[in-house]
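Peer 1: Can you keep this structure in mind? I'll have questions shortly.
Protein chains: 4
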Amino acid sequence: MTTSNWILTAQCPSRLGTIDAVTGLLYQHQHYVTELNSFDDCHSNQFFIRAQFRVEEAFDEADFRRQFAVRAGKFGMQWRLRSTADKPKVVIMVSKFDHCLNDLLYKHRIGQLSIEIPAIISNHPDLASLAEWHGIPYYHLPVTAASKAEQEAKVMKIIKDSDAELVVLARYMQVLSSNMCQQLEGWAINIHHSLLPGFKGAKPYHQAYEKGVKTVGATAHYINDDLDEGPIIAQGIEPVDHTYYPQDLIAKGRDIERLTLSRAVRYHVEQRVFLNGDRTVVFAD
Amino acid sequence: MTTSNWILTAQCPSRLGTIDAVTGLLYQHQHYVTELNSFDDCHSNQFFIRAQFRVEEAFDEADFRRQFAVRAGKFGMQWRLRSTADKPKVVIMVSKFDHCLNDLLYKHRIGQLSIEIPAIISNHPDLASLAEWHGIPYYHLPVTAASKAEQEAKVMKIIKDSDAELVVLARYMQVLSSNMCQQLEGWAINIHHSLLPGFKGAKPYHQAYEKGVKTVGATAHYINDDLDEGPIIAQGIEPVDHTYYPQDLIAKGRDIERLTLSRAVRYHVEQRVFLNGDRTVVFAD
Amino acid sequence: MTTSNWILTAQCPSRLGTIDAVTGLLYQHQHYVTELNSFDDCHSNQFFIRAQFRVEEAFDEADFRRQFAVRAGKFGMQWRLRSTADKPKVVIMVSKFDHCLNDLLYKHRIGQLSIEIPAIISNHPDLASLAEWHGIPYYHLPVTAASKAEQEAKVMKIIKDSDAELVVLARYMQVLSSNMCQQLEGWAINIHHSLLPGFKGAKPYHQAYEKGVKTVGATAHYINDDLDEGPIIAQGIEPVDHTYYPQDLIAKGRDIERLTLSRAVRYHVEQRVFLNGDRTVVFAD
Amino acid sequence: MTTSNWILTAQCPSRLGTIDAVTGLLYQHQHYVTELNSFDDCHSNQFFIRAQFRVEEAFDEADFRRQFAVRAGKFGMQWRLRSTADKPKVVIMVSKFDHCLNDLLYKHRIGQLSIEIPAIISNHPDLASLAEWHGIPYYHLPVTAASKAEQEAKVMKIIKDSDAELVVLARYMQVLSSNMCQQLEGWAINIHHSLLPGFKGAKPYHQAYEKGVKTVGATAHYINDDLDEGPIIAQGIEPVDHTYYPQDLIAKGRDIERLTLSRAVRYHVEQRVFLNGDRTVVFAD
């Protein structure tokens, strides 16, 4: 006998009956709901639901999808169903700083992050041996102003060929073209080393130092066409004081960045994150 | 036209159909669910649900109760329904330290804590004028070893006469008798000034100092018959270092204690807390 | 025999011998140093020191001042000496929201904040009874665009007449004139309800909501002539999520604001804060 | 011309003149103090000082030591002087869980932790390839109840032969013998996965789960002869709720443990930690 676990997520305009559309069908199929979260945003008038459920017998996924599609159709739901055994493919992009990459690889290696990593792409050769030790293909694609369009085309080809459903910019220190941002909108996560919207752009720790803030942080967000402005998924923070020069903020920031990025990636792959206009709904744990 | 908002909570042994028992009836009555949380504890095999819903028309509460009672009965559910406009009555017990009391009174005064306070009971006269300024009856009931049974009887009478559904021990510095603990089990919240189960009993900050811990905290918990052992609702923490002598821990602890206790009281009155054996389920916000 | 405790603070351009100028004299006078902090800012080339010391016998303060002045003169030190028994006078300004005021009054009342409060000034009458209960004079000075100069002159007169050395804007909801800002520069603390420099200006919680941040905070800073731009003393933070509407951020923010402001005020009166250009040095505990 | 930076630390019974003994000599030698911390424990009557200073010319270390020894002798000071360029040798012991090891190796690799790692010792072979990739000798020394004395002798020999001044138990899952604990007292740091003194001994996350705590943490401490009772250096904490089963606490705990241990190790090697009876003084940054 196989037990399997599934995650069903949906979002649509707020309307009476949306919860029942999900819970009613699950009950009718005798699937046991182990985790249920819903949120109704009374400003955007959007409804969001995430249900994790257990199937004790063989699961006729196609049939369930067919039936749910009918219900979802009535409410204009965008929805998604997947097995928890299914490991999403995640492509990681990186430059030279590897604290975020190292954390993602570590959590992937011990199974804390349930993903496959078909490719690591970098504009520098430095981290090839780290990738190799983890048995992951490393693509070194240098980039200059002149070669940017061509390089990004190669990057996008690798992403598509690898069937990735998520791209993670783990301190990839290149501004993506508007074209590439548009292609990746909603399925690429970036880590910015400040508490956005504070200190956008270059050298945020230096900016923070100049302002004399007593708190520094990092922000994981979906990229969109507006630099450092995409919907925020997670933020991490630590107190600092006058003894922190910019290089000290950078050092302290490494741990904040990697924990924040890893958390955002995990939330995404566990389907805990929904886009809600320029904001997100995150059913965190 | 009156819109009203309601909270329905229930718990029972885990079984297929428990969610649908709630969501199905709400849908059938055309009540709009604005917040929904459920949890299924696979260790204790207990199910917990909290639904907040909006009723656009006149609400036939008695009829709804009747219908839900039938469904609840099938699952052995303990359940509760109340309007969010309904302000639960909370009796506060206190001795001389008033940082927790002051915070509860402040949050009550500005409406952040949606409760009524029919009585403040103290074994000392010191805080009478604070109570008076807030327009709340203050009962000074001194206690000695000899008079304890008699004093507790008077306390319980006030609690009962005031129709309180929650008692808050806001640094009430007397150990309650076993008899009184049993009467209050599950509906009295105490604040203990340590991260329980560490530093039970007297002078926890002095204990913490002796151990040289780098973190101090406070714990809000339901009282039961085992001193400082009741189910934990909320904990607050702050970092400390070697420069903190016991009196500094006490000073720092005041803010931790009052925030932790206020949070626990709010969770309770918003029906976010469920007993789960010796533990709690808290649908926090 | 009287034991007294003193705090000596000094700052000056970095130069060899600055520490010895302080510690040497204290040793020569046989005063016991109980707490010593120094910081040398290698960017601004400024030196900061704070020494707390115990005097076992009668203290010839005038003589000590004379001798230290000679040493301080050699280094161009700005310095200050005061007894810990000396309670600085602090004038509080407030409008209608009283969460910060209530916290300051509470900590003043129980002695956790070692200050005198000669006056509370407000542009509204609402908080008069709160002031009265604490036995503190309350000045109601309404203000309109037309009467601003006149009102501010009255405010400044009260501040000066009361011999205050610190003014605290505890959610005083008026933009001060440039003239008044200049007069108060370096000795007035404001609380802004965001993590500055993020969300300057009006309605910061609404701004934070729009951006969908996962963290909100408050900033206590010295006022200067540039609105919400003065040197930061302390910041407080709390995590939030998608369920927080602006009114929820406001409610959560109250505790952050009052703790942050109280902390900043305490640091100031304990002479732990130094101005370092647009930044501060804070020898926190 | 070479500039060098030095750290001088000392502790002794509290007495007038201890600070001047340090600052006076540094001034006399024209060494520039860049960081100075002192603490006087009025309970244990112990004095602690840490001075970081810059030497602009060639430093006659032997001469300085000779002169300071005279001053230190008068106060019964234990003291230590070292160059910040000097990298202390640190031996790491580990079993199978490698989250702490991985973090230490990462921070060592990028230079955030200024140490040498002459040896990694494990009772299991599993982590040999991780050590190898970092170019660090890996000693696999299995242990059974019968072979414990012999294995520990081998471990101690490696530690001594490598000239280590610190041993880090990075989740080494063996209880050390009393004899070995005594040998390592004060220069071996262990990470325990609870907020000590809560949840000593085995399976602390399971203990925490049973108690239903809302906070979990980790403690880095010096080992002594009393299991999980040595002086605490650092503690880390994170909030949890009812949805965390023991395996979830374990997963969340990994990040807490490794950050806490890395921090404690850095504090130790930067000579920020002093023993103060069963407690520590930590001049943290």
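Chains as they are written, first to last, in the working numbering: chain A, 42 to 326; chain B, 42 to 326; chain C, 42 to 326; chain D, 42 to 326.
All residues carry an ideal CB built from backbone N, CA and C; glycine is no exception.
Under 7 Å between C-beta atoms, does I60 of chain C make it to chain D?
Peer 2: Indexing the third sequence from 1 puts residue 60 of chain C at position 19. Closer than 7 Å to some Cβ of chain D, the Cβ of I60 of chain C qualifies, so yes.
Peer 1: Name, please, each residue of chain B whose Cβ falls closer than 8 Å to the Cβ of K201 of chain D.
Peer 2: Residue mapping note: residue 201 of chain D aligns to position 160 of the fourth sequence, counting from 1. By Cβ distance, chain B contributes nothing, its closest Cβ being about 29 Å from K201 of chain D, past 8 Å.
Peer 1: Considering only the alpha carbon of each residue, which of B:E206, B:T185, B:P272 lies closest to W231 of chain B?
Peer 2: The count along the second sequence starts at 1 and reaches residue 231 of chain B at position 190. A quick correction: the sequence has Asn, not Trp, at residue 231 of chain B. Of the candidates B:E206, B:T185, B:P272, the one whose C-alpha sits nearest the C-alpha of N231 of chain B is B:P272.
Peer 1: Pick from B:E270, B:I291, B:H149: whose alpha carbon is nearest that of V257 of chain B?
Peer 2: The residue you call residue 257 of chain B lines up with position 216 of the second sequence. With distances taken between Cα atoms, V257 of chain B lies closest to B:I291.
Peer 1: Please classify Q276 of chain B as buried or exposed, where buried requires at least 16 neighbouring CB atoms within 10 angstroms.
Peer 2: Working through the second sequence from its first residue, we reach residue 276 of chain B at position 235. Looking at its Cβ environment, which holds 16 or more other Cβ atoms inside 10 Å, Q276 of chain B is buried.
Peer 1: Under a three-way DSSP split, which group does M221 of chain A fall into?
Peer 2: Mapped onto the first sequence, residue 221 of chain A falls at position 180. It is helical.
Peer 1: Could you check whether M118 of chain A and L210 of chain A sit closer than 7 Å to each other, using their CB atoms as the reference points?
Peer 2: Along the first sequence, one-based indexing puts residue 210 of chain A at 169. Along the first sequence, one-based indexing puts residue 118 of chain A at 77. Result no, Cβ atoms of L210 of chain A and M118 of chain A do not sit closer than 7 Å.
Peer 1: Taking the runs of the alpha helix (DSSP H) that are 4 residues or longer, which of them lie wholly in the stretch 118-160 of chain D?
Peer 2: 140-150
Peer 1: I'd like to know if L300 of chain B contacts chain A, where contact means its C-beta is closer than 7 Å to some C-beta of that chain.
Peer 2: Walking along the second sequence from the start, residue 300 of chain B turns up at place 259. For L300 of chain B, the answer is no, since every Cβ of chain A falls outside 7 Å of its Cβ.
Peer 1: Anything in chain B within Cβ reach of G253 of chain D, meaning under 7 Å, just list it in chain order.
Peer 2: Counted from its first residue, the fourth sequence places residue 253 of chain D at position 212. The answer, in chain order, is P272, I273, D319, R320, T321.
Peer 1: Tell me the residue span of the alpha helix (DSSP H) that contains R295 of chain D.
Peer 2: In the fourth sequence, counting from the first residue as 1, residue 295 of chain D sits at position 254. 287-310 is the extent of the alpha helix (DSSP H) around R295 of chain D.
Peer 1: Along the stretch 68-92 of chain D, where does the CB come closer than 8 Å to a CB of chain C? Name the residues.
Peer 2: Only those residues of the stretch 68-92 of chain D whose C-beta falls short of 8 Å from the nearest C-beta of chain C are listed: Y68, Q71, Y73, V74, T75, E76, L77, N78, S79, F80, D81, C83.
Peer 1: Which class does V63 of chain A belong to by DSSP, given the choice of helix, strand or coil?
Peer 2: Indexing the first sequence from 1 puts residue 63 of chain A at position 22. Helix, per DSSP.
Peer 1: Got a sec: which bits of the stretch 143-177 of chain C sit with their beta carbon under 7 Å from any beta carbon on chain B, in order along the chain?
Peer 2: Those would be N143, Y147, Q153, W174, in chain order.
Peer 1: At a Cβ threshold of 7 Å, is Q329 of chain D touching chain B?
Peer 2: With chain D running from 42 to 326 in the structure shown, residue 329 of chain D is simply not present.
Peer 1: Which residue from C:E311, C:H72, C:I278 puts its Cα closest to that of L236 of chain A?
Peer 2: Walking along the first sequence from the start, residue 236 of chain A turns up at place 195. Looking at the Cα atoms, C:I278 is the closest of the given residues.
Peer 1: Would a check of beta-carbon distances place L182 of chain D closer than 7 Å to chain C?
Peer 2: Here residue 182 of chain D refers to the residue found at position 141 when the fourth sequence is read from its first residue. Against chain C, the CB of L182 of chain D has no partner CB under 7 Å away; the residue lies outside that interface.
Peer 1: Which residues does DSSP list as the beta-bridge partners of F94 of chain A?
Peer 2: As a first step, residue 94 of chain A must be located in the first sequence, where it is residue number 53. Beta bridge pairing from DSSP links F94 of chain A with A:W47, A:V74.
Peer 1: Where do the ends of the alpha helix (DSSP H) carrying Q108 of chain D lie?
Peer 2: Here residue 108 of chain D is taken as the residue at index 67 of the fourth sequence, counted from 1. Segment 102-116, the alpha helix (DSSP H) holding Q108 of chain D.
Peer 1: Once the 5 residues before and after D144 of chain C are set aside, which same chain residues still bring their CB inside 8 Å of it?
Peer 2: On the third sequence, residue 144 of chain C is found 103 positions in, with the first residue counted as 1. These residues qualify, in order along the chain: R299, L300, L302, S303.
Peer 1: Determine the chain D residues that contact A292 of chain A at a beta-carbon separation under 7 Å, and present them in chain order.
Peer 2: Here the question's residue 292 of chain A lines up with position 251 in the first sequence. What A292 of chain A touches in chain D: Q153.
Peer 1: Using a Cβ cut-off of 7 Å (strictly closer), state whether L57 of chain A contacts chain B.
Peer 2: Along the first sequence, read from residue 1 onward, the residue named residue 57 of chain A stands at position 16. By this cut-off, L57 of chain A is an interface position.
Peer 1: So for A261 of chain C, helix, strand or coil by DSSP?
Peer 2: The count along the third sequence starts at 1 and reaches residue 261 of chain C at position 220. In this structure, DSSP gives A261 of chain C an extended state, which the three-state scheme calls strand.
Peer 1: Name, please, each residue of chain A whose Cβ falls closer than 9 Å to the Cβ of G65 of chain B.
Peer 2: Working through the second sequence from its first residue, we reach residue 65 of chain B at position 24. Chain A residues near G65 of chain B: D61, T64, G65, Y68.
Peer 1: What whole-angstrom Cβ distance do Y180 of chain D and I199 of chain D have, given they're in contact under 8 Å?
Peer 2: For the purposes of this step, residue 180 of chain D is taken as the residue at position 139 of the fourth sequence. For the purposes of this step, residue 199 of chain D is taken as the residue at position 158 of the fourth sequence. Y180 of chain D to I199 of chain D, Cβ: 6 Å. Contact.
Peer 1: The beta strand (DSSP E) that contains A229 of chain D, what's its start and end?
Peer 2: Start at 1 with the first residue of the fourth sequence, and residue 229 of chain D comes out as number 188. The continuous beta strand (DSSP E) containing A229 of chain D extends over residues 229-233.
Peer 1: Does the beta carbon of T284 of chain C sit closer than 7 Å to a beta carbon anywhere in chain G?
Peer 2: No chain G appears in this structure, whose protein chains are A, B, C and D.
Peer 1: Run down chain C in chain order and give the residues with a C-beta less than 7 Å from the C-beta of D104 of chain B.
Peer 2: For this step, residue 104 of chain B is matched to residue 63 along the second sequence. What D104 of chain B touches in chain C: nothing, since even the nearest Cβ is about 31 Å away.
Peer 1: Mark N78 of chain D as exposed unless 16 or more other C-beta atoms lie within 10 angstroms of its C-beta, in which case mark it buried.
Peer 2: Start at 1 with the first residue of the fourth sequence, and residue 78 of chain D comes out as number 37. Of the residues assessed, N78 of chain D falls on the buried side of the cut-off, its CB having 16 or more other CB atoms within 10 angstroms.
Peer 1: Going by Cα to Cα distance, which pick from A:Y147, A:I297, A:M221, A:I48 is closest to A194 of chain A?
Peer 2: The sequence position of residue 194 of chain A within the first sequence is 153, counting from 1. Per the Cα distances, A:M221.
Peer 1: Give the straight-line distance between the Cα atoms of K241 of chain D and V184 of chain A, rounded to the nearest whole angstrom.
Peer 2: One-based indexing of the fourth sequence puts residue 241 of chain D at position 200. One-based indexing of the first sequence puts residue 184 of chain A at position 143. Each residue's alpha carbon lies about 54 Å from the other.
Peer 1: Let me see if you follow: with CB-CB separation under 7 Å, is T256 of chain D close to chain B or not?
Peer 2: As a position in the fourth sequence, residue 256 of chain D is number 215, starting the count at 1. Yes, its Cβ sits closer than 7 Å to a Cβ of chain B.
Peer 1: Give the C-beta separation of R112 of chain B and A62 of chain B to the nearest angstrom, bearing in mind that I take them to be a contact with Cβ-Cβ under 8 Å.
Peer 2: If you number the second sequence from 1, residue 112 of chain B lands on position 71. If you number the second sequence from 1, residue 62 of chain B lands on position 21. R112 of chain B to A62 of chain B, Cβ: 4 Å. Contact.
Peer 1: Any idea which residues DSSP pairs I162 of chain C with across the strands?
Peer 2: In the third sequence, the residue the question calls residue 162 of chain C occupies position 121. I162 of chain C is bridged to C:M134, C:Y180.
Peer 1: Considering K248 of chain D, what are the terminal residues of the alpha helix (DSSP H) in which it resides?
Peer 2: Within the fourth sequence, residue 248 of chain D is the residue found at index 207, counting from 1. The question names Lys, but residue 248 of chain D in the sequence shown is Gln. Unbroken alpha helix (DSSP H) run through Q248 of chain D: 245-252.
Peer 1: Any beta carbon of chain A sitting closer than 7 Å to that of D296 of chain D?
Peer 2: To locate residue 296 of chain D, count along the fourth sequence from 1; it is residue 255. So, interface residue.
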